[in-house]
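With full-length UniProt numbering, the residue at position 13 of the sequence shown is 13, and numbering never jumps.
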Amino acid sequence: MRIMDVPEFKDKTNVLTVLPDTPLDQVIAEMVSYNVGSAVVVKEGKLVGIFTERDLLVKVSGQKKPIELLKVSEVMTPNPHSAQLEDDVDTSLRRMSQGRFRHLPIVDENKHVVGILSQGDFVAYTWSDLMARIGRHTKLSFLTNSQLWLLILGPLIYLILIKFIFFVN
1 MRIMDVPEFK DKTNVLTVLP DTPLDQVIAE MVSYNVGSAV VVKEGKLVGI
51 FTERDLLVKV SGQKKPIELL KVSEVMTPNP HSAQLEDDVD TSLRRMSQGR
101 FRHLPIVDEN KHVVGILSQG DFVAYTWSDL MARIGRHTKL SFLTNSQLWL
151 LILGPLIYLI LIKFIFFVN
(Lines of atoms letter the chains of each structure in order from A and count residues from 1; the text may use other names and numbers.)
(Lines give C-alpha, C1' and ligand atoms only; values in the text may rest on other atoms or scores of the structure.)
Protein backbone atom coordinates (compact mmCIF):
# COMPACT_ATOMS: atom_id res chain seq x y z
CA MET A 1 0.00 0.00 0.00
CA ARG A 2 1.26 3.48 -0.85
CA ILE A 3 1.69 6.20 1.76
CA MET A 4 -0.85 8.39 -0.04
CA ASP A 5 -3.52 5.64 0.26
CA VAL A 6 -3.35 5.23 4.03
CA PRO A 7 -6.12 7.15 5.87
CA GLU A 8 -3.93 7.78 8.95
CA PHE A 9 -1.47 9.78 6.84
CA LYS A 10 -3.91 12.06 5.03
CA ASP A 11 -3.93 14.49 7.98
CA LYS A 12 -0.15 14.55 8.35
CA THR A 13 0.53 17.46 6.02
CA ASN A 14 0.93 20.12 8.73
CA VAL A 15 4.70 20.01 9.23
CA LEU A 16 6.82 22.24 11.44
CA THR A 17 9.37 23.70 9.02
CA VAL A 18 12.20 26.08 9.84
CA LEU A 19 15.00 27.77 7.93
CA PRO A 20 18.65 26.74 8.46
CA ASP A 21 19.54 30.02 10.19
CA THR A 22 16.64 29.83 12.69
CA PRO A 23 17.93 30.16 16.27
CA LEU A 24 17.89 26.77 17.96
CA ASP A 25 16.09 28.00 21.08
CA GLN A 26 13.25 29.23 18.83
CA VAL A 27 13.06 25.84 17.06
CA ILE A 28 12.86 24.03 20.40
CA ALA A 29 10.15 26.41 21.64
CA GLU A 30 8.12 25.79 18.46
CA MET A 31 8.52 22.02 18.81
CA VAL A 32 7.19 22.24 22.37
CA SER A 33 4.37 24.55 21.28
CA TYR A 34 3.30 22.26 18.41
CA ASN A 35 3.87 19.14 20.53
CA VAL A 36 6.05 17.49 17.89
CA GLY A 37 9.32 15.58 18.06
CA SER A 38 10.96 17.11 15.01
CA ALA A 39 11.34 20.20 12.87
CA VAL A 40 12.05 19.86 9.16
CA VAL A 41 14.72 22.25 7.91
CA VAL A 42 14.04 23.70 4.46
CA LYS A 43 15.88 26.06 2.15
CA GLU A 44 13.90 27.57 -0.72
CA GLY A 45 11.12 25.13 0.22
CA LYS A 46 13.33 22.07 -0.24
CA LEU A 47 14.34 19.56 2.42
CA VAL A 48 17.90 20.13 3.63
CA GLY A 49 17.79 18.68 7.14
CA ILE A 50 15.79 17.62 10.17
CA PHE A 51 16.17 18.49 13.83
CA THR A 52 14.80 15.91 16.26
CA GLU A 53 14.62 15.27 19.98
CA ARG A 54 17.55 12.90 19.55
CA ASP A 55 19.61 15.69 17.97
CA LEU A 56 18.81 17.81 21.02
CA LEU A 57 20.08 15.11 23.38
CA VAL A 58 23.10 13.96 21.39
CA LYS A 59 24.36 17.02 19.51
CA VAL A 60 23.23 19.98 21.58
CA SER A 61 24.13 18.64 25.01
CA GLY A 62 27.79 18.40 23.98
CA GLN A 63 28.01 21.93 22.58
CA LYS A 64 30.25 24.47 24.28
CA LYS A 65 28.36 27.30 22.61
CA PRO A 66 25.29 28.57 24.51
CA ILE A 67 22.04 27.26 23.05
CA GLU A 68 20.84 30.83 22.42
CA LEU A 69 23.73 31.35 19.98
CA LEU A 70 23.28 28.12 18.02
CA LYS A 71 21.53 27.96 14.65
CA VAL A 72 19.53 24.85 13.82
CA SER A 73 21.82 24.17 10.85
CA GLU A 74 24.72 23.61 13.28
CA VAL A 75 23.04 20.66 15.01
CA MET A 76 20.49 19.30 12.52
CA THR A 77 20.83 16.02 10.68
CA PRO A 78 21.64 17.11 7.11
CA ASN A 79 20.16 15.34 4.08
CA PRO A 80 17.84 13.06 6.06
CA HIS A 81 16.10 10.02 4.66
CA SER A 82 12.81 10.92 3.01
CA ALA A 83 9.96 9.24 1.18
CA GLN A 84 7.45 10.18 -1.47
CA LEU A 85 3.68 9.78 -1.37
CA GLU A 86 3.89 6.98 -3.94
CA ASP A 87 6.33 4.94 -1.80
CA ASP A 88 5.25 1.70 -0.17
CA VAL A 89 4.30 2.00 3.51
CA ASP A 90 5.97 -1.25 4.57
CA THR A 91 9.19 -0.35 2.77
CA SER A 92 9.23 3.06 4.46
CA LEU A 93 8.66 1.51 7.88
CA ARG A 94 11.46 -1.00 7.25
CA ARG A 95 13.83 1.82 6.26
CA MET A 96 13.02 3.67 9.48
CA SER A 97 13.57 0.56 11.56
CA GLN A 98 16.84 -0.39 9.87
CA GLY A 99 18.12 3.20 9.88
CA ARG A 100 17.06 3.70 13.52
CA PHE A 101 15.32 7.01 12.93
CA ARG A 102 11.82 7.97 14.06
CA HIS A 103 10.77 10.74 11.65
CA LEU A 104 10.44 10.48 7.88
CA PRO A 105 9.80 13.64 5.85
CA ILE A 106 7.57 13.12 2.81
CA VAL A 107 8.65 15.09 -0.25
CA ASP A 108 7.44 15.59 -3.79
CA GLU A 109 9.58 15.00 -6.88
CA ASN A 110 11.27 18.42 -6.36
CA LYS A 111 12.21 17.67 -2.71
CA HIS A 112 9.53 20.08 -1.41
CA VAL A 113 8.19 18.87 1.93
CA VAL A 114 4.54 17.76 1.73
CA GLY A 115 4.24 15.87 5.03
CA ILE A 116 6.01 13.91 7.72
CA LEU A 117 5.54 10.50 9.27
CA SER A 118 6.67 9.31 12.67
CA GLN A 119 6.94 5.89 14.25
CA GLY A 120 3.72 6.67 16.09
CA ASP A 121 1.93 7.10 12.77
CA PHE A 122 3.14 3.71 11.62
CA VAL A 123 2.02 2.14 14.90
CA ALA A 124 -1.45 3.64 14.42
CA TYR A 125 -1.52 2.28 10.87
CA THR A 126 -0.31 -1.22 11.71
CA TRP A 127 -2.04 -1.67 15.10
CA SER A 128 -5.36 -3.05 13.85
CA ASP A 129 -3.60 -5.42 11.44
CA LEU A 130 -1.28 -6.58 14.22
CA MET A 131 -4.21 -7.25 16.56
CA ALA A 132 -6.00 -9.23 13.83
CA ARG A 133 -2.87 -11.32 13.19
CA ILE A 134 -2.44 -12.01 16.90
CA GLY A 135 -6.10 -12.99 17.13
CA ARG A 136 -5.82 -15.41 14.21
CA HIS A 137 -2.60 -16.89 15.53
CA THR A 138 -4.01 -17.28 19.04
CA LYS A 139 -7.12 -19.05 17.74
CA LEU A 140 -5.03 -21.39 15.61
CA SER A 141 -2.62 -22.08 18.45
CA PHE A 142 -5.47 -22.78 20.82
CA LEU A 143 -7.06 -25.27 18.45
CA THR A 144 -3.85 -27.05 17.47
CA ASN A 145 -1.91 -27.01 20.74
CA SER A 146 -2.23 -30.56 22.13
CA GLN A 147 -0.65 -29.64 25.46
CA LEU A 148 -3.33 -27.04 26.04
CA TRP A 149 -6.04 -29.60 25.31
CA LEU A 150 -4.44 -32.00 27.78
CA LEU A 151 -4.42 -29.31 30.45
CA ILE A 152 -8.09 -28.55 29.86
CA LEU A 153 -9.46 -32.02 29.20
CA GLY A 154 -7.15 -34.00 31.50
CA PRO A 155 -8.63 -32.76 34.80
CA LEU A 156 -12.14 -32.98 33.37
CA ILE A 157 -11.70 -36.62 32.37
CA TYR A 158 -10.10 -37.33 35.75
CA LEU A 159 -13.10 -35.85 37.60
CA ILE A 160 -15.55 -37.86 35.49
CA LEU A 161 -13.65 -41.09 36.14
CA ILE A 162 -13.47 -40.41 39.88
CA LYS A 163 -17.20 -39.73 39.95
CA PHE A 164 -18.03 -43.00 38.19
CA ILE A 165 -15.59 -45.07 40.25
CA PHE A 166 -16.56 -43.78 43.68
CA PHE A 167 -20.09 -42.49 43.32
CA VAL A 168 -21.82 -44.88 40.93
CA ASN A 169 -22.34 -47.60 43.55
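The beta carbon of each residue, even a glycine, is placed where N, CA and C say it ideally should be.
So, at 7 angstroms on beta carbons, what are the nonlocal neighbours of F101 in its own chain, with the 5 sequence-adjacent residues on each side left out? H81
field: Local conformation of T91 per DSSP, three classes
entry: If DSSP states are grouped into helix, strand and coil, T91 belongs with the helices.
Inset, instruction - List the residues that DSSP assigns as beta-bridge partners of L104. - result: L117
Buried/exposed call for I157, threshold 16 Cβ in 10 Å:
exposed
Item checked: K43, DSSP secondary structure in three states -> strand
Problem set entry | With 16 other Cβ atoms within 10 Å as the buried cut-off, status of S61 | The residue is exposed, with fewer than 16 neighbouring Cβ atoms inside 10 Å.
- Query: Whose C-beta lies closer than 6 angstroms to the C-beta of F122 among residues of the same chain, with five residues either side of it excluded?
  - Reply: The answer, listed in chain order, is L93.
Practice prompt. Pick out whichever of E68, G45, D21 and I160 has its Cα sitting closest to the Cα of P105.
Written response: G45
With 16 other Cβ atoms within 10 Å as the buried cut-off, status of S97
exposed
Original post:
Is L24 closer than 9 angstroms to V107 when the C-beta atoms are compared?
Top reply: no
- prompt: Which whole-angstrom value describes the C-beta separation of residue 171 and V113, a residue pair presumed to lie in contact below a C-beta threshold of 8 angstroms?
  reply: Here the chain has residues from 1 to 169 only, and residue 171 is not among them.
*Helix, strand or coil: how does DSSP classify S38 here?*
strand
Just how far apart, CA to CA, sit K43 and R2? 27 angstroms
Roughly how many angstroms lie between the CA atoms of V6 and V40, to the nearest whole one?
-> 22 angstroms
- Taking the C-alpha atoms as reference points, what is the distance between Q26 and G135? 46 angstroms
| said: Let me make sure I understand the geometry here. Which of G49, T22, N35 and Q119 has the alpha-carbon closest to that of N79? | reply: G49
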